[in-house]
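Asks:
Number of protein chains: 4
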Amino acid sequence: MLEHAYGYDDVAIVPGEFTINPELADTKFKINELEFDLPILASAMDAVVSPSFAVDFSKKGGLGVLNLEGIYTKYEDYSEVLESIISSEPDKSTSIMQQVYNQEISVDLIAKRVQEIKSNNAVCAVSITPANTKRLSPIAIEAGADVIVVQSTVTTPRHFSRSITGLNMTELKKQIKVPLIVGNCVSYNVALEFMHTGVDGILVGVGPGAACTTREVTGLGVPQVTATLDCSRARDSYFEETGRYVSIITDGGIRTGGDFCKSFTSGADAVMIGTPLAQTLEAPGSGYNWGMATADRSLPRGTRVSVGTKWNLETLLNGPSSTSDGTQNFMGALKNCMGFVGAYSIRDMHKAKMIIAPSIKTEGKFFQLGK
Amino acid sequence: MLEHAYGYDDVAIVPGEFTINPELADTKFKINELEFDLPILASAMDAVVSPSFAVDFSKKGGLGVLNLEGIYTKYEDYSEVLESIISSEPDKSTSIMQQVYNQEISVDLIAKRVQEIKSNNAVCAVSITPANTKRLSPIAIEAGADVIVVQSTVTTPRHFSRSITGLNMTELKKQIKVPLIVGNCVSYNVALEFMHTGVDGILVGVGPGAACTTREVTGLGVPQVTATLDCSRARDSYFEETGRYVSIITDGGIRTGGDFCKSFTSGADAVMIGTPLAQTLEAPGSGYNWGMATADRSLPRGTRVSVGTKWNLETLLNGPSSTSDGTQNFMGALKNCMGFVGAYSIRDMHKAKMIIAPSIKTEGKFFQLGK
Amino acid sequence: MLEHAYGYDDVAIVPGEFTINPELADTKFKINELEFDLPILASAMDAVVSPSFAVDFSKKGGLGVLNLEGIYTKYEDYSEVLESIISSEPDKSTSIMQQVYNQEISVDLIAKRVQEIKSNNAVCAVSITPANTKRLSPIAIEAGADVIVVQSTVTTPRHFSRSITGLNMTELKKQIKVPLIVGNCVSYNVALEFMHTGVDGILVGVGPGAACTTREVTGLGVPQVTATLDCSRARDSYFEETGRYVSIITDGGIRTGGDFCKSFTSGADAVMIGTPLAQTLEAPGSGYNWGMATADRSLPRGTRVSVGTKWNLETLLNGPSSTSDGTQNFMGALKNCMGFVGAYSIRDMHKAKMIIAPSIKTEGKFFQLGK
Amino acid sequence: MLEHAYGYDDVAIVPGEFTINPELADTKFKINELEFDLPILASAMDAVVSPSFAVDFSKKGGLGVLNLEGIYTKYEDYSEVLESIISSEPDKSTSIMQQVYNQEISVDLIAKRVQEIKSNNAVCAVSITPANTKRLSPIAIEAGADVIVVQSTVTTPRHFSRSITGLNMTELKKQIKVPLIVGNCVSYNVALEFMHTGVDGILVGVGPGAACTTREVTGLGVPQVTATLDCSRARDSYFEETGRYVSIITDGGIRTGGDFCKSFTSGADAVMIGTPLAQTLEAPGSGYNWGMATADRSLPRGTRVSVGTKWNLETLLNGPSSTSDGTQNFMGALKNCMGFVGAYSIRDMHKAKMIIAPSIKTEGKFFQLGK
């Protein structure tokens, strides 16, 4: 009666029938006319993407998404605000965040932050919740934003409220000229319905991120491999039907190169990552991360996570790696994996075989790792 | 040959195809003519429901169930008795309880406790075991009890013993005018047979509570999601056949808002909770909880659990929440969840999709929560 | 391709459609003309059954099985030998046992031990390995043994060796007049083939005991619920075909009343237990237990286990229980369970429903047991 | 949609319908004309097989495989190089290895190491990566190597790179006269395609070894039981079609006698082991082990593991065993297991039944092992 769903730790990738040299693997990601060397979006989290991080990340070839409803658009001088969250006692952090985020968004700061990014020749993507999209997206686009991301914990094409004036994605898509990404969703039907509204990309994932406790609080959640497989099937059906290719961007729960590779074999065209980026020296969170729902005024669905500051962005993305636990050189891992499964492109990766094979912990009784 | 059964930790709720604003979610619970704002019954456990707790809980909109065979009807001055259990050494607690509970029930105290609750304008529900129902229920009803709960570890409509005079539920239902809830049961057939006797509500669950060790002691137990799904199917069949709607109240094992939400997507109309209420400042257990079978004279099937005193009833039920682990603001969690799955009512929640997706523990190797 | 198998921790018992009072539950066990109040055999392990333990256990209504190839038949004064094993250092215990057991069996001591048991009006069962059965069983029977148990890690009706003279069970059964129990086996076909040789009881189980490491050493093992279900189906087929009822005795892995109850719902007519008995004050092991294969000269497949001395035999078997973890009052647990599933007899228990429902560990994050 | 895959800890072996005495079990392994008493190859890891270890292991009846691209062919005096790795700090070990292995292979040392082994009357097998096979295999063969092993993390018969000149296994097989083993692979199709190229043996396994972190880093991995079952089916199909028998050698993840036995019931003709051999007194790693990919210059996929120095080779292989956890006397375990399942030969072992039965951890709450 109930179907099984699977996450990264539940599956493994099976090597292909032929192999290729990693040098032959093409990892590019396209959304409409925009092309990125790295198939990676940086999460719209205040501890991950600041204006300067967005610039750094764009120069590496990825796409950073700035949260338009957080610290950067609420406070002119955001560094001391970040500091107040970072330095708070563990048991106070949620209530301090509730207070910090209880501040109005400044329209002027939206324009300012977008221009800060654009003036550095970086691609600028911004994230807005559905309720604020009609009001804030024109401001961001006018200031130069290249990509609009409409994002909340769960987003569907049909949202009902007393005010009745829900966001109409089809209309929005007609009004704005830049690529539009929406999310998050986790199922075939919702993804398909979104594609029919004309959106360019879909964020997949409810509940799996490290800083997210939606599942404990509300019971909601779909493990990331199953969610990505389902939404990717919708993309393939829609592509077959219409000839238009809508990107699937899987969002949440990636901690290692292994998880990163499994995203693509699950059908993703790109991934959105938060915590691994929050661990870099360039991230504004100084070794901490938290989700936007952490600051919800009456029902926080996230938590501040101590992630540590580990290495720089280059090491995370391109190595070289000096550890062997998969936390460095994500792109090297991807290219090697593509070699092992014989995938020349990300789309080839979608055809790779996966199996259900829970991770094995052999350490302990018989020997000790890394000693 | 053997079927799989699932509990709260094994499943997750899938977001719906449309969403609604939480303000549109109606969470009311009805049993016959009685209507409650909260779909929550407080467990008939001595550490959870005292007469004064029943009053507090009724005022919040829920229904507290007073155990008619425990400390409150055995001792005039029950506070020192509670204290003797609470202050006992861990390894002595079971034998101290065996001694405390080895005392006769006072008929006078039954009437007195019911009146204490009623005189405060609260709805009064009382719990009696099947063996004592014929004798004690008239006393409770005469004193003003609004709901009778007939409850033991496992209850079926047909119980055989040497004395032959088992409780006939059909006859009992004819004699008493107030709503009758019976339990606990866990299967389609037993739930259906109970409905045919005319009962108004059914308690579902054997073995899952935190203070319950029935499964370790006797091997008996059915995980709560499967038990609730099965008994709810019986309710739906019976409703289709007769037009009468019998409430399914799932009882045991709920610790978080997530578990609470999953109860309703499993088919429950209301839940009975113990341990989360025992953790409130208003509870008589002062940070401890135990089940009635803990005091069994020769085969204890429960244990005293140290649950801590955490916050007040209002915070547990309606927040605001300052933690993000799902232990506060159960009603906020439910309304948000109903929004995410597009459920206007509890009955809509019954149609939400669930998947099998064991909880993931990501903490530890890669980062630390709440630090 | 591969089938799933289940053990005690993987399953739970579902309550029945009607219930009975525990006083109505008949737990008797019969093997041919011998009838026992308790459906329990004490394992043929030197730390469990000494001659005096066999007498104590028989008086309680069970059947103790004396190992005829261990300390009691190798040493006239066995107490100091037991002491040398018990007091050995953990890392020396296996090699000390290898030395102690490397001693010839004394035919005189066999007769003497049997007579010690019989002279106390106890039922006497003895265990012999297949290789020694032809030589030692006549001695034991002449001395008065009531039941012969032919037992080794894995026993089949067809064993091939260079010497060719394997034990022919059909012939053996013709020669001896007392009931014959053989084991261990775990599958339908082997159990059925054994029944056709005329044996009276079959021991079921390879690998699950607490003092057994056969699975780690050789990879062999079948979880106890599946093994018992399979062999019980053979018993039922054979009974239908021939009208003769051969007892299925499940052996190994029982630690709690819950496990004990699940043995019967898996199809067992009786159980053989070791470790819970080794924990009693009456046991010769003084808080330790070990299997016979622990002393194998080149490939030990067992280990000395520190089990502690917990309570007396009466508390283990009939309570009253002062703990709530299922480790006391096994018979009370069984009778209560039979009440909950509506079983008047052990054979009724065979029809009870079980489900796959892994044990839940809720302790820790939310509350603490027994504190 | 996704298939389940299983590893050693997930399965157990079911006893057979008849049994044999272990003395009747024939464990020989043949590859072409070469016959070995032990069905065991020692892994081509620098911490496992040095020239002198290869000699010792050959004398015991097994086949040691010397890595031709490691320390022994890069350094004339390799002992101090080993020492520098072994004595490095845990967090430095990967980068020290990256440095040590960044050294050219000496063609002279290849010949020298082969001659060292051959001059001691040992069988000599050497391992080369596909990229170096054409260049280095003639040198090794001319120096006297008896077996060529072409091995990398994942090897397929078709590898594509910019240079186009991939290794053609069919041609290679025609040129060299000694037996050729290739690997690693994990699937039916790749194994079958390799067999059609004429190779004599196939190494099975990606990801499971103790010193291997390929799965964490790249997501790749297939649990060993499933991989071996699949490749063995290919061998059986190919044998049926052509009459030529290609050996399946399972490689990785074996820690106990139980794992070792399960390899054969999964279909293996022989096994390759690393860590258990690295734990012997004869091993060059002095209590450490590491895989070749640990030293990858930009993406290490392995780690230095502290395995301890436990006992000598004889104890590991033939006992006698003084422990009971399956870590000693692998051959004794295999012969006993063959007895229990009634297998006269390794090929009989392929027909033994296995079940899915996750390992049980009973220790802790109820008793303590080995105390």
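Protein chains in written order, with the numbering used here: chain R, 1 to 371; chain P, 1001 to 1371; chain W, 2001 to 2371; chain X, 3001 to 3371.
No residue lacks a Cβ here, since even glycine has one placed at the ideal position from N, Cα and C.
Hey, how far is the Cα of P157(R) from the Cα of F1018(P)?
Replies: Indexing the first sequence from 1 puts residue 157(R) at position 157. Indexing the second sequence from 1 puts residue 1018(P) at position 18. When rounded, the distance between both Cα atoms is 7 Å.
Asks: Among the candidates C2124(W), I2071(W), N2168(W), S2095(W), whose CA atom is the shortest distance from the CA of E2104(W)?
Replies: Position 104 of the third sequence, counted from the start, is the residue given in the question as residue 2104(W). When each option's Cα is compared against that of E2104(W), the closest is I2071(W).
Asks: Please compile the residues from chain X whose C-beta is within a distance smaller than 9 Å of the C-beta of E17(R).
Replies: What you label residue 17(R) is simply residue 17 of the first sequence in a count that begins at 1. By Cβ distance, chain X contributes T3156, P3157, R3158, S3187, N3189, V3190, E3193.
Asks: Answer yes or no: do L1281(P) and T1309(P) have a C-beta to C-beta separation smaller than 7 Å?
Replies: Locating residue 1281(P) in the second sequence gives position 281, where the first residue counts as 1. Locating residue 1309(P) in the second sequence gives position 309, where the first residue counts as 1. Against a cut-off of 7 Å, the Cβ pair of T1309(P) and L1281(P) comes out as a contact.
Asks: Residues of chain C with CB under 9 Å from R1233(P), in chain order?
Replies: No chain C is part of this structure, whose protein chains are labelled R, P, W and X.
Asks: Can you name the residues that DSSP bridges to I3248(X)?
Replies: Working through the fourth sequence from its first residue, we reach residue 3248(X) at position 248. I3202(X), per the DSSP bridge assignment.
Asks: On the CB-based measure, 16 or more other CB atoms within 10 Å of its CB, does N1289(P) come out buried or exposed?
Replies: Translated into the one-based positions of the second sequence, residue 1289(P) becomes position 289. Burial call: buried.
Asks: Cβ closer than 9 Å: which chain P residues qualify as neighbours of G302(R)?
Replies: As a working mapping, residue 302(R) is identified with position 302 in the first sequence. Simply S1324.
Asks: Roughly how many angstroms lie between the CA atoms of R1233(P) and G1243(P), to the nearest whole one?
Replies: The count along the second sequence starts at 1 and reaches residue 1233(P) at position 233. The count along the second sequence starts at 1 and reaches residue 1243(P) at position 243. Roughly 14 Å separates the two Cα atoms.
Asks: Taking just the CA atoms, how far does D325(R) sit from Q3224(X)?
Replies: In the fourth sequence, the residue the question calls residue 3224(X) occupies position 224. In the first sequence, the residue the question calls residue 325(R) occupies position 325. Those two C-alpha atoms are separated by around 21 Å.
Asks: Out of I3202(X), E3171(X), H3196(X), Q3279(X), point me to the one whose CA is closest to A3210(X)'s CA.
Replies: For the purposes of this step, residue 3210(X) is taken as the residue at position 210 of the fourth sequence. Selected option, being the one with the closest Cα: Q3279(X).
Asks: Just checking: is the beta-carbon of G252(R) within a distance shorter than 7 Å of some beta-carbon in chain P?
Replies: The count along the first sequence starts at 1 and reaches residue 252(R) at position 252. By this cut-off, G252(R) is not an interface position.
Asks: Tell me whether the beta-carbon of T2213(W) lies closer than 7 Å to the beta-carbon of T2303(W).
Replies: Looking up residue 2213(W) in the third sequence gives position 213. Looking up residue 2303(W) in the third sequence gives position 303. A contact, by the Cβ cut-off of 7 Å.
Asks: At a Cβ threshold of 7 Å, is T3256(X) touching chain W?
Replies: Against the fourth sequence, residue 3256(X) aligns to sequence position 256. It does; some Cβ of chain W falls within 7 Å.
Asks: Do you know whose CA, among D2010(W), V2147(W), G2219(W), lies nearest K2030(W)'s CA?
Replies: To locate residue 2030(W), count along the third sequence from 1; it is residue 30. Nearest C-alpha to K2030(W): V2147(W).
Asks: Is the separation between the beta-carbon of D1026(P) and that of S1321(P) shorter than 7 Å?
Replies: For this step, residue 1026(P) is matched to residue 26 along the second sequence. For this step, residue 1321(P) is matched to residue 321 along the second sequence. No, Cβ-Cβ distance for D1026(P) and S1321(P) is not below 7 Å.
Asks: Say whether chain X places a C-beta atom closer than 7 Å to the C-beta of P320(R).
Replies: Residue numbering aside, residue 320(R) sits at position 320 when the first sequence is read from its first letter. Yes, P320(R) counts as interfacial toward chain X.
Asks: Between G332(R) and chain X, is there a C-beta pair that is closer than 7 Å?
Replies: If you number the first sequence from 1, residue 332(R) lands on position 332. For G332(R), the answer is yes, since a Cβ of chain X falls inside 7 Å of its Cβ.
Asks: Can you check which of these residues, V2186(W), L2313(W), S2161(W), E2089(W), is closest to V3014(X) by C-alpha distance?
Replies: Residue 3014(X) sits at position 14 when you count from the first residue of the fourth sequence. Taking only the C-alpha atoms, the option nearest V3014(X) is V2186(W).
Asks: Just tell me which of V100(R), T153(R), K134(R), V49(R) has its CA closest to the CA of E116(R).
Replies: Along the first sequence, read from residue 1 onward, the residue named residue 116(R) stands at position 116. Comparing Cα-Cα distances from E116(R) to each of V100(R), T153(R), K134(R), V49(R), the minimum goes to V49(R).
Asks: Tell me where the beta strand (DSSP E) around M1272(P) begins and ends.
Replies: Counting from one through the second sequence, the residue named residue 1272(P) turns up at place 272. Counting along the chain, the beta strand (DSSP E) containing M1272(P) begins and ends at 1270-1273.
Asks: Starting from E1035(P), follow the beta strand (DSSP E) in both directions and report where the run begins and ends.
Replies: Here the question's residue 1035(P) lines up with position 35 in the second sequence. Residues 1034-1036.
Asks: Do G183(R) and T155(R) have their beta-carbon atoms positioned less than 7 Å apart in this structure?
Replies: Within the first sequence, the letter at position 155 stands for residue 155(R). Within the first sequence, the letter at position 183 stands for residue 183(R). Contact flag set, yes.
Asks: Against P1223(P), what residues of chain W qualify as contacts under a CB-to-CB distance less than 7 Å, listed in chain order?
Replies: To locate residue 1223(P), count along the second sequence from 1; it is residue 223. Here the neighbours are A2357.
Asks: Note down, in chain order, each residue of its chain lying with its Cβ closer than 7 Å to the Cβ of G267(R), except the 5 sequence neighbours on either side.
Replies: Residue 267(R) sits at position 267 when you count from the first residue of the first sequence. Hits under 7 Å: T228, L229, S232, I248, H350.
Asks: For the segment 284-310 of chain R, which residues have a beta carbon sitting closer than 8 Å to at least one beta carbon of chain X?
Replies: Of all residues in the segment 284-310 of chain R, none has a Cβ within less than 8 Å of some Cβ in chain X.
Asks: Going along chain W, which residues have a C-beta under 8 Å from E3023(X)?
Replies: Along the fourth sequence, read from residue 1 onward, the residue named residue 3023(X) stands at position 23. Under the 8 Å cutoff, chain W gives S2161, R2162.
Asks: In chain order, what residues of the same chain have a beta carbon less than 7 Å from the beta carbon of D3056(X), not counting five sequence neighbours either side?
Replies: Taking the first residue of the fourth sequence as position 1, residue 3056(X) is located at position 56. Here the set comprises E3282, L3313.
Asks: Residue range of the beta strand (DSSP E) that M354(R) falls in?
Replies: What you label residue 354(R) is simply residue 354 of the first sequence in a count that begins at 1. That run of the beta strand (DSSP E) goes 354-356.
Asks: Residue ranges of each beta strand (DSSP E) run of no fewer than 3 residues wholly in the segment 3003-3032 of chain X, ordered along the chain?
Replies: Runs found: 3011-3013, 3029-3031.
Asks: Using a Cβ-Cβ distance under 7 Å, would L3167(X) count as near chain R?
Replies: Start at 1 with the first residue of the fourth sequence, and residue 3167(X) comes out as number 167. Output row for L3167(X): interface = no.
Asks: List the residues that DSSP assigns as beta-bridge partners of V2065(W).
Replies: Position 65 of the third sequence, counted from the start, is the residue given in the question as residue 2065(W). Bridge partners of V2065(W): A2125(W).
Asks: Rounded to the nearest angstrom, what separates T2294(W) and A2111(W) at their Cα positions?
Replies: For this step, residue 2294(W) is matched to residue 294 along the third sequence. For this step, residue 2111(W) is matched to residue 111 along the third sequence. Cα to Cα, T2294(W) sits roughly 26 Å from A2111(W).
Asks: Go ahead and label R3297(X) buried or exposed: buried means 16 or more other beta carbons lie within 10 angstroms of its beta carbon, across all protein chains shown.
Replies: To locate residue 3297(X), count along the fourth sequence from 1; it is residue 297. So R3297(X) counts as exposed.
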